[in-house]
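J.: In order, the protein sequence lines correspond to chains A and B.
If you're matching positions, the first sequence starts at 1 in our numbering and goes up one per residue.
If you're matching positions, the second sequence starts at 1001 in our numbering and goes up one per residue.
Starting off with a structure, shown below.
Number of protein chains: 2
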Amino acid sequence: MEARSFSELRKVLTDMNPADIAEQMAGIDDDKSLVIVFRLLPKEQASEVFSYLEPTEQERIVNGISDRELASIVNEMFVDDAVDFTEEMPANIVKRVLQTADPDTRKAINQLLKYPDNSAGSLMTTELLRLKSEWPVSAALNYVRRSCMELESITYAFVTDDQRHLSGVVSLKEVLGSDDDTLISEIMDDDVIYATTTEDQADVAERFKKYDVVSMPVVDGEMRLVGLITIDDVVDVIEEETTEDIYKMAAMAPIEDSYMSTSVFALARKRVVWLLVLMISATFTGLIITKFENMLTAVAILTSFIPMLMDTCGNAGSQASVSVIRALVLGEVKFGNILRVIWKEFRVSIIVGLCVAVVNFIRIIVFYYMGMYQLDAGQNIFLIAGVVSMTLVLAVICAKFVGCTLPLLADKAKLDPALMASPMITTIVDAVSLLVYFGIASLVLIR
Amino acid sequence: MEARSFSELRKVLTDMNPADIAEQMAGIDDDKSLVIVFRLLPKEQASEVFSYLEPTEQERIVNGISDRELASIVNEMFVDDAVDFTEEMPANIVKRVLQTADPDTRKAINQLLKYPDNSAGSLMTTELLRLKSEWPVSAALNYVRRSCMELESITYAFVTDDQRHLSGVVSLKEVLGSDDDTLISEIMDDDVIYATTTEDQADVAERFKKYDVVSMPVVDGEMRLVGLITIDDVVDVIEEETTEDIYKMAAMAPIEDSYMSTSVFALARKRVVWLLVLMISATFTGLIITKFENMLTAVAILTSFIPMLMDTCGNAGSQASVSVIRALVLGEVKFGNILRVIWKEFRVSIIVGLCVAVVNFIRIIVFYYMGMYQLDAGQNIFLIAGVVSMTLVLAVICAKFVGCTLPLLADKAKLDPALMASPMITTIVDAVSLLVYFGIASLVLIR
């Protein structure tokens, strides 16, 4: 590049994988050099590399190339990739794209842009393999051979009637494996798994996983075939949905872009709401402490176990809630299983609670003899360690119970279980464990 | 079923999707009825439904059918599905499967069973489309038409030399779209994205996403083509890996099976280790409180803010850590970006910290005038609210700093960032926020 040996660079680039070229190009800081490298790519490869680039780089390139070059890239791209690209661009570039693209491409892009974000319609490509049911295999194969180069996926072909209503599906494998004079209607399957344009993309992804399919036709409200979703787009949807779940579980509203391209202000906004809600709810935990202030003054050492109790029970509760939320997402658990889940978590919590309690009892005694705790006259370290450990057992059982039931109830009430996860549960569990703690302490220690 | 109208049931089943049948069959509690329903299925559909069943149901059916029936199912299944099934079965069933399967199938299963769990080899199927580079398209298509029905995926064909070394890849689309006398060598791409048998499945999944491919050939140590991984298996891997990450972030060792099929004992074991570690580390937070006991006795109201401070800072820290961990997994952030990440989180933490602090200040004053806090003589609620709010700002900044740097450092040190997530960070942040709290309080309140 620096030696301006462009023909050599071109040769190297031609042999490279488009995804790798895109990765390398993202590292070029100078806009002019970026456009030069891009122009070195042969036409077909150029549009492929372009699809792999991040929106920032796409914009930098578009600003540096002519309308004719832009038109050639857009016309060459698969329609769904062109739409993805257009959606990320500012208005002036969108206008340029639509003005320069050829009429067919423009129509297809325009149509897809109209579907709401995160709908099946916005995910699909309009280029798909259509066959007629009355065709014999030989005619179908001739048609496939003539049209296949413009299509994204030919793994499945779709059969429509004269009104473009979806009536069947047949794998290309089946077509190839059948005799020349077999009719498509004989080998097609009329029980098609399909999506509708307005359906949420998360539901479509769910269906892909359930039926283990690699592509799914998309129909409009009148069952007319309008597009095709391929599994590589679904992989992206699954990742997006998972990121959203993970963000919600960590008490954040999900961000739309990647972490690095989200502004400081947007990040702060996504995070502050939950922090405020949880701060306010945590003050009630504080009020419980205020209520038992006299006891804490009388047996001062009790205060020092509060963080440990809160943390341990909070963790125990989120272990249960996260397990159940993930099982809900993966379809392993339903609300109908609530009793089995509670019974399971109950037994787990007894084992876990006893382990933690025993270790904690020994730890307190050891720390005491190491001189790390001071007691007032008349206080017995065994009694105090017993109170703390008994609290641990009971509070862990409560925590696991709250942790496993809340997500299931949320799901039943059509709320998002991930939103009810760790943060909310921590606050509830904190309050519960302190109440158990002070309850047991006043029974045992205060006479 | 109850009316014993089997022929009708059979008709209904034949029209249903295998995944739906499998779902319904999981609901049949009686082993005999389950086997009866399964026997109603036509042979080909039977093996497909069988692949969709959970291991529990597979085992119940295998125990109720003859060796001949078992052999027919296994021979009919795709090899990778047969291996998945065999891996989940107890030893006696594995033996029966291998004894009854036909020699070719047995050899293929045996070979795949030898690859370590979670390796590319364990994920692949051995059935794939091989072409010779010297064949013209017409010959290749003839070959495809004869052999395709036994293959799982024919979207890509692979070209090998006489020693079975992988030398190229060509999409079936390209083959179909080319003239009859074009040679495969002219249209094949010799720059193949491949996996090796012993490679970790997570790395393979990474590569699938990066290059947006739908299948990937697998080679052995000598670059000989031995199998094919299709994207539907990769979707399962991605889900598995994400579940592992989510479990680790919630302080649990990942489970191997689904939540419902993991035993109580196994669940307890996966959870108790982290609970113990975190409990022990939380005692140090407790010791900090013990150290400042005198101050807490002097200004008793300070105790009641401890849970709120710990929770808020813990949440602020895990927000940052979870964002960074997810960005690492998605490849959006690298260790090299650490300064940009810190600068970003620093600005976010100032905005978020100030918001939380202001709301908290007002809340304390309001609660005070509502009579929810009692002060001793000589104490000023504005001063106390100021101390708490100032702590919030500083502790939130520290929490976000710890939260965003730890995962990046872990990643750099080749440790798993998810393991360093929320739980560990909460403990650190708890200690830090208490130290800040008592530090500011002793400066301002104690004269």
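All C-beta atoms in this analysis are idealised placements derived from N, C-alpha and C, irrespective of residue type, glycine included.
These numbers were taken from a predicted model, which means no experiment stands behind them.
1. Taking the Cβ atom as the reference point for each residue, do B:T1243 and A:R326 lie within a distance shorter than 9 Å?
2. Is the segment 1071-1078 of chain B close to the segment 1098-1114 of chain B, with three or more CB pairs under 8 Å?
3. Give me the Cα-Cα distance between B:R1352 and A:V272, rounded to the nearest whole angstrom.
4. In the DSSP output, what is A:F158 paired with across the bridge?
5. So A:Q319 contacts chain B; which residues on that side make the cut at Cβ distance below 7 Å?
6. With 8 Å as the limit, tell me which residues of the segment 256-268 of chain A have their beta carbon closer than that to any beta carbon of chain B; keep them in chain order.
7. Would A:W274 be called buried (16 or more neighbouring beta carbons within 10 Å of its own) or exposed?
8. The beta strand (DSSP E) with B:S1215 in it runs from where to where?
9. What residues in its chain sit with their C-beta under 8 Å from that of B:D1189, if we drop five residues either side in the sequence?
10. Could you tell me which residues DSSP pairs with B:S1119 in its beta bridges?
11. Quick one: is B:P1116 buried, meaning 16 or more other Cβ sit within 10 Å of its Cβ, or exposed?
12. The alpha helix (DSSP H) spanning B:I1109 covers which residue range?
13. Quick one, which residues of the segment 1367-1388 of chain B are near chain A if we go by CB-CB under 9 Å, in chain order?
14. Check the C-beta distance from B:D1311 over to A:A282 and give it rounded, since I have them as a contact under 8 Å.
15. Using 9 Å as the threshold, is the C-beta distance between B:V1192 and B:I1229 below it?
16. Could you list the residues in the segment 425-436 of chain A with a C-beta less than 8 Å from some C-beta on chain B, going in chain order?
17. Out of curiosity, what's the CA-to-CA distance linking B:E1088 and B:E1186?
18. Could you tell me the boundaries of the alpha helix (DSSP H) in which B:I1229 lies?
19. Note down, in chain order, all residues in the segment 1299-1318 of chain B with a beta-carbon under 9 Å from any beta-carbon belonging to chain A.
20. So, using beta-carbon positions, are A:S321 and A:C404 closer together than 9 Å?
21. Hey, quick one: how far does the alpha helix (DSSP H) through A:R164 stretch, first residue to last?
22. Based on the DSSP secondary-structure assignment, which residues constitute the bridge partners of B:D1236?
23. Considering only the alpha carbon of each residue, which of A:T427, A:A157, A:I231, A:I425 lies closest to B:K1209?
24. Among the candidates A:K107, A:I364, A:E59, whose CA atom is the shortest distance from the CA of A:G389?
25. If I'm right that A:F305 touches B:G1439 with Cβ under 8 Å, what's the distance once you round it to whole angstroms?
26. Check the Cβ-Cβ distances between A:L445 and every residue of chain B, and say whether any is below 9 Å.
27. Under the three-state reduction of DSSP, which class applies to B:D1189: helix, strand or coil?
28. Please report the straight-line C-alpha distance between A:D161 and A:S138, rounded to a whole angstrom.
29. Within 10 Å of its beta-carbon, does A:L383 have 16 or more other beta-carbons around it, so buried, or fewer, so exposed?
30. Here's a check: name, in chain order, each residue in its chain whose Cβ is nearer than 8 Å to the Cβ of A:L354, leaving out the five neighbours to either side.
31. What's the C-alpha gap between A:L112 and A:L34?
32. Got a sec: which bits of the segment 1230-1251 of chain B sit with their beta carbon under 9 Å from any beta carbon on chain A, in order along the chain?
33. For A:N480, return the contacting residues in chain B, with the cut-off set at a CB-CB distance below 8 Å.
34. Since I believe A:L123 is in contact with A:I289 (beta carbons under 8 Å), could you give me their beta-carbon distance rounded to a whole number of angstroms?
35. Taking A:P458 as the reference, which of A:D29, A:G221, A:K43 has the closest Cα?
36. Which of the three DSSP states, helix, strand or coil, is assigned to B:P1136?
T.: The relevant details are as follows:
1. Cβ distance < 9 Å, so B:T1243 and A:R326 count as in contact.
2. Three or more pairs of CB atoms, one per stretch, sit closer than 8 Å, so the segment 1071-1078 of chain B contacts the segment 1098-1114 of chain B.
3. Residue 1352 of chain B is actually Val in this sequence, not Arg. Distance between the alpha carbons of B:V1352 and A:V272: 6 Å.
4. Beta-bridge pairing links A:F158 to A:R130, A:V169.
5. Correct list: A1250, A1251, M1252, R1271.
6. S258, Y259, M260, V264, F265, L267, A268: these are the residues of the segment 256-268 of chain A whose beta carbon lies less than 8 Å from some beta carbon of chain B, given in chain order.
7. Around the beta carbon of A:W274, 16 or more other beta carbons sit within 10 angstroms, so the residue counts as buried.
8. Where B:S1215 is concerned, the enclosing beta strand (DSSP E) stretches over 1215-1219.
9. For B:D1189, where only same-chain residues beyond five positions count, the Cβ hits under 8 Å are G1168, V1169, V1170.
10. B:S1119 is bridged by DSSP to B:D1200.
11. Classification for B:P1116: exposed.
12. Here the alpha helix (DSSP H) through B:I1109 covers 1103-1113.
13. For the segment 1367-1388 of chain B, which is checked against every Cβ of chain A, the residues closer than 9 Å are F1367, M1372, Y1373, Q1374.
14. About 4 Å separates the two Cβ atoms, so the contact holds.
15. Note that the C-beta distance between B:V1192 and B:I1229 is not below 9 Å.
16. Cβ contacts with chain B come from T426, T427, D430, L434.
17. Taking the straight line joining both Cα atoms gives about 44 Å.
18. Element bounds for B:I1229: not the alpha helix (DSSP H) but the beta strand (DSSP E), 1225-1230.
19. Listed by position, the residues of the segment 1299-1318 of chain B near chain A (Cβ gap below 9 Å) are A1300, I1301, T1303, S1304, F1305, I1306, P1307, M1308, L1309, M1310, D1311, T1312, G1314, N1315, A1316, S1318.
20. The beta carbons of A:S321 and A:C404 sit closer together than 9 Å.
21. Counting along the chain, no alpha helix (DSSP H) covers A:R164, and no H or E run does either.
22. Looking at the DSSP assignment, B:D1236 forms no beta bridge with any residue, so it has no partner.
23. Ranked by Cα distance from B:K1209, the options A:T427, A:A157, A:I231, A:I425 are led by A:I231.
24. The sequence shown places Ser at residue 389 of chain A, rather than the Gly named in the question. Per the Cα distances, A:I364.
25. Actually they are not in contact, since the Cβ atoms of A:F305 and B:G1439 sit about 22 Å apart, beyond 8 Å.
26. For A:L445, the answer is no, since every Cβ of chain B falls outside 9 Å of its Cβ.
27. Here B:D1189 sits in strand by DSSP.
28. Their backbone Cα atoms lie some 19 Å apart in a straight line.
29. So A:L383 ends up on the exposed side.
30. The beta carbon of A:L354 sits closer than 8 Å to the beta carbons of V393 from its chain, once the five residues preceding and following it are set aside; these are given in chain order.
31. Pairing A:L112 with A:L34, the inter-Cα distance amounts to about 30 Å.
32. With the criterion set as a beta carbon lying under 9 Å from some beta carbon of chain A, the members of the segment 1230-1251 of chain B are T1230, I1231, D1232, V1234, V1235, D1236, I1238, E1239, T1242, T1243, D1245, I1246, Y1247, M1249, A1250, A1251, in sequence order.
33. Nothing can be reported for residue 480 of chain A: it is not among the residues displayed for chain A, which extend from 1 to 447.
34. The beta-carbon separation of A:I289 and A:L123, rounded to 51 Å, does not stay under the 8 Å limit for a contact.
35. Residue 458 of chain A lies beyond the stretch modelled for chain A, which goes from 1 to 447, so this question has no answer here.
36. In the three-state scheme derived from DSSP, where H, G and I count as helix and E and B as strand, B:P1136 is classed as strand.
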